[in-house]
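Asks: Below are the structure tokens for one structure; questions will follow.
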Amino acid sequence: ETNELVAIKKFKDSEENEEVKETTLRELKMLRTLKQDNIVELKEAFRRRGKLYLVFEYVERNMLELLEEFPTGAPPEKVRSYIFQLIKAINWCHKNEIVHRGEYSSLFVWFLSPIPFIPSFQAFRK
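FYI, the UniProt record's numbering numbers position 61 of the sequence shown as 61, with every residue one higher than the one before it.
Below is the structure:
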């Protein structure tokens with residue numbers, strides 16, 4: 001026990017479907033390789049009582065919460081900083097032959113300090 005604050009994402013287990021099981025294992029392997037400052041780190045994955053749990057590093061706020069602080073739009077310097085950090089994370093993924101298949105902002109959860117993102121659980125393929 002480390003007393004470390006973490007974020008846990010819970011999924012309904014799909015052990016009965018072999019295709020889903022293979023996809024889940026492949027994507028878990030991919031998530032474990034994502035070691036970059038602007039990407040939230042997967043710390044652990046485990047199954048309990050028919051559910052899959054992913055344990056991620058904890059971050060203070062997500063992008064939606066941040067943007068709600070700027071109802072008329074974020075200042076240009078903030079926007080530049082966010083986009084730069086996002087590009088660094090995507091560039092790192094692409095250099096490591098990891099491509100995110102989703103194009104919708106709902107597939108990303110963005111965070112501050114620095115601004116990492118949690119990839120969609122079913123969005124990576126190498």
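Glycine is no exception: its CB is placed at the ideal position from the N, C-alpha and C atoms. Just so you know, these numbers come straight off a predicted model, no measurement behind them.
Would DSSP call residue 48 helix, strand or coil?
Replies: Numbered from its first residue, the sequence shown carries residue 48 at position 48. Residue state for residue 48 is assigned as strand, using DSSP reduced to three classes.
Asks: How would you call residue 46, buried or exposed, if buried means at least 16 neighbouring beta carbons within 10 angstroms?
Replies: Residue numbering aside, residue 46 sits at position 46 when the sequence shown is read from its first letter. Looking at its Cβ environment, which holds fewer than 16 other Cβ atoms inside 10 Å, residue 46 is exposed.
Asks: If we count the other Cβ atoms within 10 Å of its Cβ and call it buried at 16 or more, is residue 38 buried or exposed?
Replies: For the purposes of this step, residue 38 is identified with residue 38 of the sequence shown, where counting begins at 1. Classification for residue 38: buried.
Asks: Can you tell which of 89, 85 and 16 has its C-alpha closest to the C-alpha of residue 50?
Replies: Residue 50 sits at position 50 when you count from the first residue of the sequence shown. Residue 50 has its Cα closest to that of 16, out of 89, 85 and 16.
Asks: Please report the distance separating the alpha-carbon of residue 104 from that of residue 83.
Replies: To locate residue 104, count along the sequence shown from 1; it is residue 104. To locate residue 83, count along the sequence shown from 1; it is residue 83. Low local confidence applies: a pLDDT of 39 at residue 104 is under 50, so the model's placement there is unreliable, with the coordinate-based value given in what follows. For residue 104 and residue 83, the distance between alpha carbons rounds to 16 Å.
Asks: Under a three-way DSSP split, which group does residue 10 fall into?
Replies: In the sequence shown, the residue the question calls residue 10 occupies position 10. In this structure, residue 10 counts as strand in the three-state DSSP scheme.
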